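Colleague: Listed in order, the protein sequences are those of chains A and U.
Using my numbering, read the first sequence as starting at 70 and increasing by one per residue.
Using my numbering, read the second sequence as starting at 11 and increasing by one per residue.
Don't be surprised by glycine CBs; every beta carbon is placed ideally from N, CA and C.
The model shown is predicted, which means the values in this text are computed figures rather than measured ones.
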Amino acid sequence: MAEEVKLFRTWSSGYALRIVWALKLKGIEYETIFEDLTNKSPSLLQYNPIHGKVPVLVHDGKPVCESLVILEYVDETWKHNPLLPQDPYEKSMARFWANFGDDKLMKSIWQLFIAREKDQDVAAVEALENLKLVEEQLKGKKFFHGETIGYLDLAFGWFADFVSILEEIMSLKLVDGERFPHLSSWIQHFMDAPVIRDCWPPRDKMIIKYQVMREKYLAAATPK
Amino acid sequence: MDNEVKLHGFWPSPFVYRVIWALKLKGIEYDYIEEDLANKSELLLRYNPVYEKVPVLVHAGKPISESLVILEYIEEVWPHNPLLPKDPYERSVARFWINFATDKGRSAVRSLFWGGGDGKKEAAEQMFDLLKIIEEQALGDKKFFGGNSINMVDLIFAWFACWIQPMEQLVGIKVLEPSRLPSLHAWVKNFKEEPIIKENLPDPERLLAYYTRLTSNLVSKPT
Numbered sequence: 070m071a072e073e074v075k076l077f078r079t080w081s082s083g084y085a086l087r088i089v090w091a092l093k094l095k096g097i098e099y100e101t102i103f104e105d106l107t108n109k110s111p112s113l114l115q116y117n118p119i120h121g122k123v124p125v126l127v128h129d130g131k132p133v134c135e136s137l138v139i140l141e142y143v144d145e146t147w148k149h150n151p152l153l154p155q156d157p158y159e160k161s162m163a164r165f166w167a168n169f170g171d172d173k174l175m176k177s178i179w180q181l182f183i184a185r186e187k188d189q190d191v192a193a194v195e196a197l198e199n200l201k202l203v204e205e206q207l208k209g210k211k212f213f214h215g216e217t218i219g220y221l222d223l224a225f226g227w228f229a230d231f232v233s234i235l236e237e238i239m240s241l242k243l244v245d246g247e248r249f250p251h252l253s254s255w256i257q258h259f260m261d262a263p264v265i266r267d268c269w270p271p272r273d274k275m276i277i278k279y280q281v282m283r284e285k286y287l288a289a290a291t292p293k
Numbered sequence: 011m012d013n014e015v016k017l018h019g020f021w022p023s024p025f026v027y028r029v030i031w032a033l034k035l036k037g038i039e040y041d042y043i044e045e046d047l048a049n050k051s052e053l054l055l056r057y058n059p060v061y062e063k064v065p066v067l068v069h070a071g072k073p074i075s076e077s078l079v080i081l082e083y084i085e086e087v088w089p090h091n092p093l094l095p096k097d098p099y100e101r102s103v104a105r106f107w108i109n110f111a112t113d114k115g116r117s118a119v120r121s122l123f124w125g126g127g128d129g130k131k132e133a134a135e136q137m138f139d140l141l142k143i144i145e146e147q148a149l150g151d152k153k154f155f156g157g158n159s160i161n162m163v164d165l166i167f168a169w170f171a172c173w174i175q176p177m178e179q180l181v182g183i184k185v186l187e188p189s190r191l192p193s194l195h196a197w198v199k200n201f202k203e204e205p206i207i208k209e210n211l212p213d214p215e216r217l218l219a220y221y222t223r224l225t226s227n228l229v230s231k232p233t
């Protein structure tokens with residue numbers, strides 16, 4: 070019996086994109102189910118009853134939730150074109166930095182994004198410090214994984230896209246080529262890489278979505 | 011360079027204990043270095059410049075930080091006495107619960123124990139709801155989260171075995187009630203009686219004194 074792979078996602082979720090890329094990089098056929106998170110399908114709630122979130126990968130009827138957990142599952146199940154390094158120490162470094170990306174980096178970039186003008190300088194300090202740490206990881210490498218794209222590149226994928234969106238909306242340069250030569254170079258290589266580039270959500274839609282979100286946060290933060 | 015294993019830790023930390031248990035369950039010899047977090051060693055700051063926290067495992071001179079990353083590393087390098095299922099799907103389920111405990115658990119603990127006085131009853135009920143999910147869906151009718159033996163999920167949930175009690179005493183609210191969470195309560199007992207775990211548990215009175223000191227420092231801060 071041919072195996073059945075389904076992916077529940079939204080049009081814009083960076084977490085879900087990680088799985089889209091992983092499946093495509095491994096040449097795995099799958100069915101996509103787009104969710105509207107304001108009106109979740111019974112299937113999504115059945116497969117991810119605890120969080121009701123995307124992405125959810127369903128492999129032969131069995132659901133796997135949480136994007137980094139799904140990436141590990143995909144890599145363990147379909148062993149060709151490995152995404153994680155083979156060496157246990159290198160693997161642990163990849164996991165460490167993926168978690169850093171989701172915890173510290175994402176939070177600090179988001180805090181900058183929703184900061185009022187007078188708070189931007191302070192928010193930028195932490196974001197820039199975190200960016201410096203990520204920049205160090207790319208020294209001497211084209212991608213985080215080396216010559217080819219791997220787990221950590223996919224984990225940071227959201228960042229590659231969001232940086233340019235943030236820069237456009239806020240009219241500022243966050244990842245400038247002089248200060249962050251490796252990161253700038255990685256962003257360019259990653260955005261244009263085969264498989265990766267075909268999956269980006271429509272930019273104009275993303276700009277509108279995040280602009281609206283930012284305005285909501287700024288309005289809520291404004292003292293009455 | 012030999013295959014020396016060192017662990018930098020801090021005695022009240024549940025995150026450090028996870029690693030201690032994993033090493034001992036696999037019979038791995040290691041040197042333990044107690045860190046004073048108010049006066050961190052040069053070595054710790056060099057090994058974990060990003061977070062400056064414990065635990066840090068150093069294997070053959072190479073440092074690894076973040077307890078979950080460390081546990082996965084230990085599991086790979088020393089696969090005997092496995093702490094994760096072999097089957098990829100079962101592993102993904104274990105990792106799901108580990109993430110659940112880490113994300114939801116962390117914020118629930120914060121609200122209940124470090125949050126303001128007024129919201130404590132509500133925070134306690136939210137913590138209870140969380141524990142109910144864990145009891146019904148993660149534990150079910152198994153003896154341990156790992157089935158008949160302890161696995162990584164048990165080590166992560168161990169917070170509820172030893173660290174919830176001093177906090178309950180300090181806050182004056184019992185969350186892990188035997189009548190409301192019978193299976194989880196039984197699990198706590200079973201977990202603490204497991205041979206290697208039993209020999210490696212923090213002293214409850216010392217823990218209570220430590221958390222009492224911590225929370226009194228918080229209370230005395232001007233709001």
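With DSSP as the reference, identify every bridge partner of K131(A), one or two as the case may be.
Modeller: H128(A)
Colleague: Classify K75(A) as helix, strand or coil using the three-state DSSP reduction.
Modeller: In this structure, K75(A) counts as strand in the three-state DSSP scheme.
Colleague: Just the Cα atoms here: how many angstroms apart are E198(A) and S189(U)?
Modeller: The alpha-carbon atoms of E198(A) and S189(U) are separated by roughly 49 Å.
Colleague: Counting only Cβ pairs nearer than 8 Å, list the residues of chain U close to I119(A).
Modeller: Residues of chain U with a Cβ closer than 8 Å to the Cβ of I119(A) are, in chain order, F110, I143 and Q147.
Colleague: How far does the beta strand (DSSP E) with V19(U) in it reach, from first residue to last?
Modeller: The amino acid at residue 19(U) is misidentified as Val; the sequence shows Gly. Note, G19(U): beta strand (DSSP E), V15 to G19.
Colleague: How would you list, in chain order, the residues of chain A whose beta-carbon sits under 9 Å from the beta-carbon of I74(U)?
Modeller: Y158, S161, M162 and F165
Colleague: Assuming F103(A) is part of the beta strand (DSSP E), what are its boundary residues?
Modeller: E100 to F103
Colleague: Establish whether the CB of T233(U) and some CB of chain A are separated by less than 8 Å.
Modeller: Annotation note: pLDDT 47 at T233(U) (below 50); position unreliable, coordinate value reported separately. With 8 Å as the cut-off, T233(U) does not count as an interface residue toward chain A.
Colleague: Between the region 125 to 138 of chain A and chain U, which residues of the former have CB atoms less than 7 Å from a CB of the latter, in chain order?
Modeller: Residues passing the 7 Å Cβ filter: K131, V133, C134, E135 and V138.
Colleague: Ignore the nearest five residues each way along the sequence and tell me which others in K231(U)'s own chain have a CB closer than 7 Å to its CB.
Modeller: Any reading at K231(U) must be qualified, since the residue scores a pLDDT of 47, below 50, and its modelled position is unreliable; the value itself is stated next. Answer for K231(U): no residue qualifies.
Colleague: If K106(U) and V74(A) are in contact, beta carbons under 8 Å, what's the gap, nearest whole angstrom?
Modeller: The question names Lys, yet the displayed sequence has Phe at residue 106(U). F106(U) to V74(A), Cβ: 18 Å. No contact.
Colleague: Compute the Euclidean distance between the alpha carbons of V125(A) and A171(U), then round it to the nearest angstrom.
Modeller: 31 Å
Colleague: Hey, out of V264(A), N117(A) and A196(A), whose CA is closest to V244(A)'s CA?
Modeller: A196(A)
Colleague: Can you name, in chain order, every residue of its own chain whose Cβ lies under 7 Å from the Cβ of L94(U), other than the five neighbours on each side?
Modeller: E85, R101, A104, N161 and M162
Colleague: Check whether the Cβ atoms of Y221(U) and L186(U) sit closer than 8 Å, and answer yes or no.
Modeller: no
Colleague: F1(U) to Y84(A), Cα distance in whole Å?
Modeller: With chain U represented from 11 up to 233, any question about residue 1(U) goes unanswered, as that position is not in the structure.
Colleague: Could you pull the start and end residues of the alpha helix (DSSP H) that H251(A) belongs to?
Modeller: P250 to D261
Colleague: Under three-state DSSP, which class holds H195(U)?
Modeller: helix
Colleague: Starting from the Cα of A219(U), find the closest Cα among W173(U), I207(U) and V198(U) and give me that residue.
Modeller: W173(U)
Colleague: Could you tell me which of V15(U), A133(U), Y27(U) and A118(U) sits nearest to I207(U), measuring between CA atoms?
Modeller: Y27(U)
Colleague: Buried or exposed: which applies to G226(A), given that a residue is buried once 16 or more other Cβ atoms fall within 10 Å of its Cβ?
Modeller: buried
Colleague: Can you list, in chain order, the residues of its chain with a C-beta nearer than 6 Å to that of L54(U)? Leave out the 5 residues immediately preceding and following it.
Modeller: H18 and E45
Colleague: Could you have a look at L67(U) and say whether DSSP puts it in helix, strand or coil?
Modeller: Collapsing the DSSP output to three states places L67(U) in a strand.
Colleague: Would you please verify whether the beta carbon of M11(U) is less than 8 Å from any beta carbon of chain A?
Modeller: Residue placement at M11(U) is flagged as unreliable, the pLDDT there being 48, under the threshold of 50; the coordinate-derived value follows with that caveat. Not one chain A Cβ lies under 8 Å of M11(U).
Colleague: Quick check: the region 136 to 156 of chain A against the region 211 to 221 of chain A, are at least 3 beta-carbon pairs closer than 8 Å?
Modeller: yes
Colleague: Residues bridged to K72(U) by DSSP?
Modeller: H69(U)
Colleague: Sorted by chain position, which residues of the same chain lie with C-beta nearer than 7 Å to G125(U)'s C-beta, five sequence neighbours on each side aside?
Modeller: For G125(U), where only same-chain residues beyond five positions count, the Cβ hits under 7 Å are A133.
Colleague: Taking 8 Å as the threshold (C-beta atoms), are E104(A) and L114(A) in contact?
Modeller: Taking 8 Å as the Cβ cut-off, L114(A) and E104(A) do not qualify as a contacting pair.
Colleague: According to DSSP, what are the bridge partners of G215(A)?
Modeller: F212(A)
Colleague: At a Cβ cut of 7 Å, what residues of the region 166 to 178 of chain A count as close to chain U, listed as they run along the chain?
Modeller: Taking 7 Å as the cut-off between beta carbons, the residues of the region 166 to 178 of chain A near chain U are N168 and F169, in sequence order.
Colleague: Going by C-alpha distance, which of A70(U), V66(U), V87(U) and G71(U) is nearest S77(U)?
Modeller: V66(U)
Colleague: What number of angstroms, rounded off, separates the C-alpha of V127(A) from the C-alpha of Y116(A)?
Modeller: 8 Å
Colleague: Quick check: the region 274 to 290 of chain A against the region 252 to 260 of chain A, are at least 3 beta-carbon pairs closer than 8 Å?
Modeller: No: fewer than three Cβ pairs fall under 8 Å.
Colleague: Per DSSP, which one or two residues make a beta bridge with Y220(A)?
Modeller: Paired residues: none, contrary to the question.
Colleague: Give a yes or no on whether the C-beta atoms belonging to P176(U) and P214(U) are separated by under 8 Å.
Modeller: Contact: yes.
Colleague: By Cβ distance, which residues of its chain are closer than 7 Å to I238(A), with the 5 residues on each side in sequence left out?
Modeller: Excluding residues within five positions, the ones whose Cβ falls inside 7 Å are I276, Y279, Q280 and R283.
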